[in-house]
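Peer 1: One structure coming up, written as structure tokens, with questions to follow.
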Amino acid sequence: MLIYGLYTDSRKDRVMGLRGSANSVGAAVWPLLGGALGTLAWQLPFGVYLLGLPLGILAALTVPDVSPAGSGTTSGPADERSVTGILRSTPLLVAVYGLMFLTNLLLYANVVYYPPLLEGFGIETPVVISLYLSVLGLSGGVSAALYDRIRKRFAYQELAGIAFGLWTVAFVLATVASSALLAVVPMVLYGLGQGLVFPTVLLWVEELVPQSYQGRFSSYVAMAGYIGQFLSPVLFGPIVAGFGIRGVFASAAVAVGAGLLVVVGASRRRSRPTERRG
């Protein structure tokens with residue numbers, strides 16, 4: 004909401020991309036730090052959470068209070084009916100939340116199941132495994148940091164399609180990877196796609212909903228992401244039991260490949276009226 008209220012147009016794209024980049028770089032640092040601390044004692048990685056105390060104090064002292072214009076409060080029942088009405092009138096919102104759900108579902112498929120895949124290449128130490136997950140985070144940080152430049156050339160739907168394309172190739176390569184070196188490439192590709200999705204989803208939601216509901220609907224983005232994280236081992240666990248670790252990545256490749264076809268088909272349908280007018 005701070006970014007919604009403080010920035011507009013290309014500056015908003017820039018700052019939202021930097022926000023996504025910070026998230027991704029944090030995702031790159033935590034496995035390295037956790038892996039290093041875990042080699043000393045299994046309890047030490049949990050001490051990283053103590054960093055929240057000084058960060059919380061810093062935020063309380065420096066973050067401004069920005070309330071979007073026209074953001075009033077209404078009664079509970081009216082709000083719920085309004086939210087339902089917005090979802091019914093803007094079904095694309097459901098797809099945007101689904102994109103965030105899928106992103107985190109696949110992210111945690113990598114977090115949970117890539118270490119066992121690496122074990123097949125003789126990589127078992129926490130520090131080395133953490134390097135692969137850090138590559139994912141760093142790649143996402145790069146694409147997110149360049150988001151404002153990329154956004155000038157592509158619409159949100161096209162960015163989603165690019166992410167699906169990167170993920171399809173990533174999971175296909177993870178399925179057939181034959182060495183520890185080749186196993187790095189899927190992490191790079193998935194991270195690049197993730198770096199595009201995080202800012203896209205938040206900016207897309209802002210564009211689709213009334214200003215007074217942006218806070219509420221942007222919070223649903225986080226909810227969709229956390230549900231995806233929770234369900235990832237639940238959904239992929241049976242696949243591991245039936246088809247092994249590589250079955251996880253093969254099924255993910257099929258799912259995102261189907262998603263890519265849907266996005267491409269939707270883009271073509273949207274372009275046809277424009278072509279006829281031309």
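The sequence shown begins at 4 in the numbering used here and counts up one residue at a time. From the three backbone atoms N, C-alpha and C, an ideal C-beta is built for every residue, glycine too. Fair warning: this is a prediction, and the values are worked out from it, not measured in the lab.
(1) Apart from the five residues on each side of it in sequence, which residues of its chain come closer than 6 Å, Cβ to Cβ, to Leu195?
(2) With a cut-off of 8 Å on the beta carbons, I'd call Gly38 and Pro129 a contact; round off their distance for me.
(3) Between which two residues does the alpha helix (DSSP H) carrying Asp68 extend?
(4) My understanding is that Val28 touches Gly140, with C-beta atoms under 8 Å, so please give their C-beta distance in whole angstroms.
(5) Going by alpha carbons, who is nearest to Tyr100 out of Ala256, Phe239, Ser270, Tyr223?
(6) Using 8 Å as the threshold, is the stretch 210-226 in touch with the stretch 172-191, meaning 3 or more CB pairs across them?
(7) Quick check for students: name the residue ranges of the alpha helix (DSSP H) that lie wholly in the stretch 85-134, counting only runs of 4 or more.
(8) Quick one: Cα of Leu176 to Cα of Leu185, how far?
(9) Got a sec, what are the start and stop residues for the alpha helix (DSSP H) Gly245 sits in?
(10) With DSSP collapsed to three states, give me the class of Pro213.
(11) If distances are taken between C-alpha atoms only, which option among Tyr135, Lys155, Met226 comes closest to Trp33?
(12) Taking all protein chains shown into account, decide if Ser182 is buried (16 or more other Cβ within 10 angstroms of its Cβ) or exposed.
(13) I need the boundaries of the alpha helix (DSSP H) containing Gly164, first residue and last residue.
(14) Any idea if Gly59 is buried or exposed, counting beta-carbon neighbours within 10 angstroms, 16 or more meaning buried?
(15) Return yes when the Cβ of Phe174 is within less than 9 Å of the Cβ of Leu109, no when it is not.
(16) With distances taken Cα to Cα, identify the nearest neighbour of Phe252 among Gly262, Phe239, Ala244, Ala261.
Peer 2: Reading from the atomic positions:
(1) Translated into positions along the sequence shown, residue 195 becomes position 192. Excluding residues within five positions, the ones whose Cβ falls inside 6 Å are Ser142, Ser146, Leu169.
(2) Stepping through the sequence shown from its first residue, residue 38 is reached at position 35. Stepping through the sequence shown from its first residue, residue 129 is reached at position 126. Right, their Cβ atoms sit about 4 Å apart.
(3) By one-based count along the sequence shown, residue 68 stands at place 65. Element bounds for Asp68: n/a, residue is neither H nor E.
(4) Here the question's residue 28 lines up with position 25 in the sequence shown. Here the question's residue 140 lines up with position 137 in the sequence shown. Yes, Val28 and Gly140 are in contact; Cβ-Cβ is about 6 Å, under 8 Å.
(5) Translated into positions along the sequence shown, residue 100 becomes position 97. If we check each option's Cα against that of Tyr100, Tyr223 comes out closest.
(6) no
(7) 95-122
(8) Taking the sequence shown and counting its residues from 1, the one referred to as residue 176 is at position 173. Taking the sequence shown and counting its residues from 1, the one referred to as residue 185 is at position 182. Rounded to whole angstroms, Leu176 to Leu185 spans 8 Å at the Cα level.
(9) Sequence index remark: in the sequence shown, residue 245 carries index 242 (1-based). From DSSP, the alpha helix (DSSP H) with Gly245 extends over 217-246.
(10) In the sequence shown, the residue the question calls residue 213 occupies position 210. Reduced to three states, the DSSP call for Pro213 is coil.
(11) The count along the sequence shown starts at 1 and reaches residue 33 at position 30. That would be Tyr135, whose Cα lies nearest to the Cα of Trp33.
(12) Position 179 of the sequence shown, counted from the start, is the residue given in the question as residue 182. Ser182 should be labelled exposed.
(13) The residue labelled residue 164 in the question sits at position 161 within the sequence shown. That run of the alpha helix (DSSP H) goes 159-179.
(14) Reading the sequence shown from its first residue, position 56 is the one you call residue 59. Under this definition Gly59 is an exposed residue.
(15) What you label residue 109 is simply residue 106 of the sequence shown in a count that begins at 1. What you label residue 174 is simply residue 171 of the sequence shown in a count that begins at 1. Yes, the Cβ-Cβ distance between Leu109 and Phe174 is below 9 Å.
(16) Working through the sequence shown from its first residue, we reach residue 252 at position 249. Considering only alpha carbons, the answer is Phe239.
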